[in-house]
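> Residues in the sequence shown are numbered from 192 upward in steps of one, following our numbering.
One structure coming up, written as structure tokens, with questions to follow.
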Amino acid sequence: MEPIILASGSLRRQEYFKLLGLPFNIMPSYVDETAPAELSPREHAEHIANRKVKKILEVLEGRLPLWILGADTIISIDNTIFGKPADRQEAYHMLKTFSGRTHEVITAMALYVGREKRIATKAVSSTVRFSHLRDDEIEWYLDTGEWQGVAGGYQIQALAACFISHIEGSYSGIVGLPIHEFYGMLRENGYPYGA
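Below, the structure is given as structure tokens:
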């Protein structure tokens with residue numbers, strides 16, 4: 192199979208690539224994760240995922256690979272976008288905002304198809320309902336450090352699962368890579384899966 196450049200340092204995305212048996216090279220794409228204010232949350236995530244792929248193409252300077260995947264996960268509630276918290280205080284504010292409410296988790300994928308020199312984009316939306324959190328529960332969670340480097344300041348696949356009463360949509364998408372939709376993108380774009 193042809194290797195895919197994974198434009199991400201996310202351990203969760205790497206685990207999913209391994210699960211799918213995909214050969215990959217890790218090349219984190221450090222980009223400014225702000226987007227034009229007029230974009231919807233879905234468009235925001237797609238914009239950042241595309242930007243990550245384009246950054247890798249710039250870095251490679253004409254040595255074009257066959258495949259690159261950029262992905263971005265954001266959280267939206269009341270049309271406010273939550274990315275990765277910058278510090279503990281911001282993570283606290285995020286968790287307090289999610290407490291007792293339902294929010295949307297959007298993971299956008301941008302797949303560079305080298306043979307055609309184009310980028311295919313897809314976004315997957317899921318919803319997550321948090322139970323009501325006491326301040327001491329939030330502080331306990333923040334003490335674990337799990338909030339660092341992840342959208343919304345929580346990891347559904349770890350201790351934050353204690354706080355989640357309901358999800359609808361793609362669990363793997365909430366974690367950071369919607370496997371079903373990613374596999375479909377590969378098939379639709381001619382990836383030689385199994386070859």
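Glycine residues also receive a C-beta, built at the ideal position from the N, C-alpha and C atoms.
(1) Which first and last residues belong to the beta strand (DSSP E) in which Ala347 is found?
(2) Taking 7 Å as the cut-off, decide whether the C-beta atoms of Asp263 and Ala236 are in contact.
(3) With a cut-off of 8 Å, do at least 3 Cβ pairs link the region 213 to 228 to the region 246 to 253?
(4) Determine, using beta-carbon pairs with one atom in the region 318 to 330 and one in the region 222 to 238, whether at least three such pairs fall under 8 Å.
(5) Could you tell me whether the region 351 to 371 touches the region 309 to 319, where touching means 3 or more Cβ pairs closer than 8 Å?
(6) Going by DSSP, which residues form a beta bridge with His357?
(7) Trp331 to Met376, Cα distance in whole Å?
(8) Rounded to whole angstroms, what is the Cα-Cα separation between Asn380 and Ile268?
(9) For a minimum of 4 consecutive residues, which ranges assigned as the alpha helix (DSSP H) are wholly contained in the region 224 to 292?
(10) My understanding is that Leu286 touches Gly344, with C-beta atoms under 8 Å, so please give their C-beta distance in whole angstroms.
(11) Helix, strand or coil for Glu337? Go by DSSP, reduced to three states.
Looking at the coordinates:
(1) Looking up residue 347 in the sequence shown gives position 156. At residue 347 the sequence reads Ile, which differs from the Ala that was named. For Ile347, no beta strand (DSSP E) run applies, since DSSP gives it neither H nor E.
(2) Looking up residue 263 in the sequence shown gives position 72. Looking up residue 236 in the sequence shown gives position 45. The criterion of a C-beta distance shorter than 7 Å is satisfied by Asp263 and Ala236.
(3) Yes, the region 213 to 228 touches the region 246 to 253.
(4) no
(5) Yes, the region 351 to 371 touches the region 309 to 319.
(6) As a first step, residue 357 must be located in the sequence shown, where it is residue number 166. Answer is Arg320.
(7) Position 140 of the sequence shown, counting from 1, holds the residue named residue 331. Position 185 of the sequence shown, counting from 1, holds the residue named residue 376. C-alpha separation (whole angstroms): 39 Å.
(8) As a first step, residue 380 is located in the sequence shown; it is residue number 189 there, counting from the start. As a first step, residue 268 is located in the sequence shown; it is residue number 77 there, counting from the start. Whole-angstrom Cα-Cα distance: 32 Å.
(9) 232 to 251 and 279 to 289
(10) Counting from one through the sequence shown, the residue named residue 286 turns up at place 95. Counting from one through the sequence shown, the residue named residue 344 turns up at place 153. Confirmed, Cβ separation roughly 6 Å.
(11) Translated into the one-based positions of the sequence shown, residue 337 becomes position 146. If DSSP states are grouped into helix, strand and coil, Glu337 belongs with coil.
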